[in-house]
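These notes are about the structure you will find just below.
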Amino acid sequence: MTVNTESVINMDELIKSAEAGDMESQYLLGWHIHHVAKTESDTDDAVKWLRMSAEQGFAKAQCFLGNMLRDYLIHYEKGEDEAAAGWFLLAAQQGMVQAQEELAYMYASGIKYGMGIPQDTEKAVKWNLKAFENGSEVAPLRLGDIYRSGNGITQDIDEAIKWYRIGAEQGGFYCCRNLWEIYESGDGGTITEVEAKQWQQIALDNGVILSDSEYL
């Protein structure tokens, strides 16, 4: 069964195809059940179908199952961060950008910041880089934050500036803000006053004011 968008759903056909073992149909059925779920039982049913698809290697299901295990099942005290990371990894290895971003975020955050896996900044950098290579818009900000903070890695302001500049040039307003902050704080680097004020103005024009970089 080939379905191009989650919004195109004939439930009778979808259930029949999912029960026959089609992994895309299993994913779409789990996705649909999750988005109309009202009870814990509904959520368990969504996870069941997503898991069946994920176990067949469907990257979208692996990534969405990771999100379910990490973010949604916590409401029923069934969250499984370690298992979530495992599913993100499988999807990330297939080149799925969202999974690469999620896996990098979990490794960068670690237990200290609410993830149920140990912090591993080297792996966070690795997966952010892969995500960037695959077109991620958030990866430059996250790489900049990692190198700026030095949390789990040697602090490197010049490397942080490099990534923030890449993000800013791609339209990342928080990268613009962070470039201004580095200049204003006197952290060093190669940012000139003229450049810093340009980035600051772009950030302000787009409503970015508060400092909330993810790994600082």
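Numbering (my numbering), first residue to last: 872 to 1087.
Ideal Cβ placement from N, Cα and C applies to all residues, glycine included.
As the structure is a prediction and not an experimental result, all values here were calculated from the model.
The DSSP-derived three-state label of E951 is coil. Within its own chain, the residues whose Cβ lies closer than 8 angstroms to the Cβ of W998, once the five positions on either side in sequence are excluded, are A963, Q971, E972, L974, A975, Y978, listed in chain order.
In the structure shown, the three-state DSSP call for G1015 is helix. The C-alpha of D1076 lies about 20 angstroms from the C-alpha of T1063. In this structure V918 is buried. Its beta-carbon is surrounded by 16 or more other beta-carbon atoms within 10 angstroms. Straight-line spacing of the CA atoms in T1061 and E1008 works out to 23 angstroms.
By the 16-neighbour rule on beta-carbons within 10 angstroms, P1011 is buried. In the assembly as shown, K1068 is an exposed residue. Its beta-carbon has fewer than 16 other beta-carbons within 10 Å.
In this structure, DSSP gives T1061 a state outside helix and strand, which the three-state scheme calls coil. Nearest in C-alpha terms to G966, of all of S888, F1003, L940, is F1003.
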